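Asks: Next up is a structure, given as structure tokens.
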Amino acid sequence: DWTMGAYREEAVARIREKVGDAKVICALSGGVDSSVAAALIHEAVGDQLTCVFVDHGLLRLNEAEEVVGMFRDHMNLHVIHAEEQELFLGELDGVSDPETKRKIIGRLFIDVFQKYADGIEGAQFLAQGTLYPDVIESVSFSGGPSVTIKSHHNVGGLPEKMGLKLVEPLRELFKDEVRALGHELGLPASFIGRHPFPGPGLAIRCPGEITRDKLEILRKADAVFIDQIRKHGLYDEIWQAFAAILPVRTVGVMGDGRTYDYACALRAVTSVDGMTADFYPFSHDFLGETATRIINEVKGINRVTYDVTSKPPGTIEWE
Ligand code: XMP
């Protein structure tokens, strides 16, 4: 793409001019925006960039390894894998209120990011994957919860507090342009086309109290669901898809015995911007096959439901 190629060179030149030989830090979430921002800045200033990937223990199956591995090994970026699972899960212990979960996670995220950033000698810039729509509509995106898509990973207020200047190289771009730029920069297509994932992660897909057991079961069920969607070639038709583990156990039969395990809900929606959404009309065959696979492959789940609520009145997430 000639246009994106030219944009890339121009953006690289601008970043070099702005940053000079100073150091840049970036909170890398593995989402499209922070990934493309990191790749672009890395192209401009190489090892002057350090990314911090905050692992809050609420990520999907193999997610941390995939994101960190891709940026470190494939893209050669300097990435700090902040393994802070114990901290986050400890503070969330016994918490079931959705807004309280978000607040705890948002606060810890900033603390952790700051802790690691403080260890990077001489950092002067903070890179953020802010897009044009975020610039013009800098208020709540998700239409309810107080922590929005952006306010979680775009560490609000932190730059001033830490005396950092902002680098936001995607400020002029729309989402599809960011994807094109990511492609241009050599990010794998599977990465560029990823569904959005909320900052609080699996915490808001585990209604009620979060336990390690539930998270482990949820990760497996979610992975089977996404695998099914990919195998049936439906991933790109769907805006977002995931499993939620319900805070309830139900009775089932398995072989000669009874089981008493968790129920899970599958959620998949189509949407343009996340503000409104329709549930995805899977075939009954797909749903039946997926339910069978989850129950056979995931110990701890014996019942699968499909969420047919659209937004509004529902939200996309369960919390
Ligand atoms: P809802 O559930 O509000 O979600 O219909 C709309 C979009 O926002 C995402 N979402 C969040 N993202 N922090 C985030 O970073 C949050 O607290 C949060 N809550 C919802 C959700 O995944 C969907 O894409």
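Residue numbers (the UniProt record's numbering): 202 to 520. Idealized CB from N, CA, C, for every residue including glycine. Small disclaimer: the values here were computed from a predicted structure and weren't measured.
Starting from the C-beta of Glu378, find all residues in its chain whose C-beta is less than 7 Å away, skip the five residues before and the five after it, and write them out in chain order.
Replies: Within the same chain, Glu378 has no close Cβ partners at all.
Asks: Closer than 7 Å to a non-hydrogen atom of the ligand XMP - does that hold for the CB of Thr516?
Replies: Result yes, Cβ under 7 Å from the ligand XMP.
Asks: Quick one: which unbroken alpha helix (DSSP H) runs of 4-plus residues sit fully inside the stretch 246-327? Chain order, please.
Replies: List check, alpha helix (DSSP H) in window: 264-270, 286-293 and 299-319.
Asks: For His243, is the classification buried or exposed, using 16 other Cβ atoms within 10 angstroms of its Cβ as the cut-off for buried?
Replies: Per the 10 Å Cβ criterion, buried.
Asks: Rounded to whole angstroms, how far is the Cβ of Gly249 from the Cβ of Val280, which I believe are closer than 8 Å?
Replies: It should be pointed out that residue 249 corresponds to Gln in this sequence rather than to Gly. In fact, because the Cβ distance is near 14 Å, the residues do not count as touching under 8 Å.
Asks: In the DSSP assignment, what are the bridge partners of Leu367?
Replies: DSSP lists Leu327 as partners of Leu367.
Asks: Which of the three DSSP states is assigned to Arg395 in this structure?
Replies: Arg395: coil per DSSP, three-state reduction.
Asks: Out of curiosity, what's the CA-to-CA distance linking Arg395 and Thr460?
Replies: Roughly 35 Å separates the two Cα atoms.
Asks: On a CA-only basis, which of Glu210, Ile305 and Leu260 is nearest Ala424? Give me that one, please.
Replies: Comparing Cα positions, the closest option is Leu260.
Asks: Have a look at Met476, Gly515, Thr477 and Leu388 and flag the residue whose alpha-carbon is nearest the alpha-carbon of Gly232.
Replies: Nearest C-alpha to Gly232: Leu388.
Asks: Taking three-plus beta-carbon pairs below 8 Å as touching, is the stretch 421-438 in contact with the stretch 316-324?
Replies: Not touching, per the Cβ criterion.
Asks: Can you give the Cα-Cα distance for Tyr333 and Ala223, rounded to whole angstroms?
Replies: About 26 Å.
Asks: Using 8 Å as the cut-off, can you tell me whether the stretch 400-420 makes contact with the stretch 358-369, which would need three or more C-beta pairs spanning the two stretches below that distance?
Replies: Short answer: they don't touch.
Asks: For Ile439, name the three-state secondary structure that DSSP assigns.
Replies: Looking at Ile439 - three-state DSSP - the assignment turns out to be coil, as it is neither helix nor strand.
Asks: Please list the terminal residues of the continuous alpha helix (DSSP H) segment that includes Ala422.
Replies: First-last of the alpha helix (DSSP H) with Ala422: Arg413 to Lys432.
Asks: Is it buried or exposed, Ile337, if we count other Cβ atoms within 10 angstroms and call 16 or more buried?
Replies: Ile337 comes out exposed.
Asks: Report yes if the C-beta distance between Thr451 and Arg494 is below 8 Å; otherwise report no.
Replies: No, they are not a contact pair.
Asks: According to DSSP, is Lys224 part of a helix, a strand, or is it coil?
Replies: Three-state DSSP puts Lys224 in a strand.
Asks: I need the straight-line Cα distance from Phe487 to Tyr507, nearest angstrom please.
Replies: Going from the Cα of Phe487 to the Cα of Tyr507 covers about 11 Å.
Asks: May I have the straight-line CA-CA distance separating Glu490 from Phe326, to the nearest angstrom?
Replies: Cα-Cα distance, rounded: 49 Å.
Asks: By the three-class DSSP mapping on this structure, what secondary structure does Thr493 have?
Replies: In the structure shown, Thr493 sits in a helix (DSSP, three-state: H, G or I).
Asks: Check whether the Cβ of Lys224 lies closer than 7 Å to any heavy atom of the ligand XMP, and answer yes or no.
Replies: No, the Cβ of Lys224 stays beyond 7 Å of every heavy atom of the ligand XMP.
Asks: Determine the burial state of Glu284: buried for a count of at least 16 other Cβ atoms within 10 Å of its Cβ, exposed for fewer.
Replies: It counts as exposed.
Asks: Quick check on DSSP: helix, strand or coil for Ile242?
Replies: If DSSP states are grouped into helix, strand and coil, Ile242 belongs with the helices.
Asks: Which residue marks the beginning of the beta strand (DSSP E) containing Ile405, and which one marks its end?
Replies: Here Ile405 belongs to no beta strand (DSSP E), and DSSP marks it neither H nor E.
Asks: Do you know offhand how far Pro448's Cα is from Glu267's?
Replies: Distance between the alpha carbons of Pro448 and Glu267 is about 29 Å.
Asks: So is Phe483 buried or exposed if we call it buried at 16+ other beta carbons inside 10 Å?
Replies: Burial call: buried.
Asks: Quick one: what does DSSP say Asp508 is sitting in, helix, strand or coil?
Replies: Asp508 falls in the coil class under three-state DSSP.
Asks: Just to confirm the assignment, what range does the alpha helix (DSSP H) spanning Arg380 have?
Replies: Per DSSP, Arg380 belongs to the alpha helix (DSSP H) from Lys376 to Glu385.
Asks: Once you ignore the five residues that flank residue 154 on each side, which residues in its own chain have a CB closer than 6 Å to its CB?
Replies: The chain is shown from 202 up to 520; residue 154 falls before or after that span and cannot be answered.
Asks: Give the secondary structure of residue 562 by DSSP, where H, G and I count as helix, E and B as strand, and everything else as coil.
Replies: Examination of residue 562 is not possible in this model, given that the chain is present from 202 through 520 alone.
Asks: When DSSP builds the beta bridges, which residues end up paired with Ala466?
Replies: Paired residues: Ala445 and Thr506.
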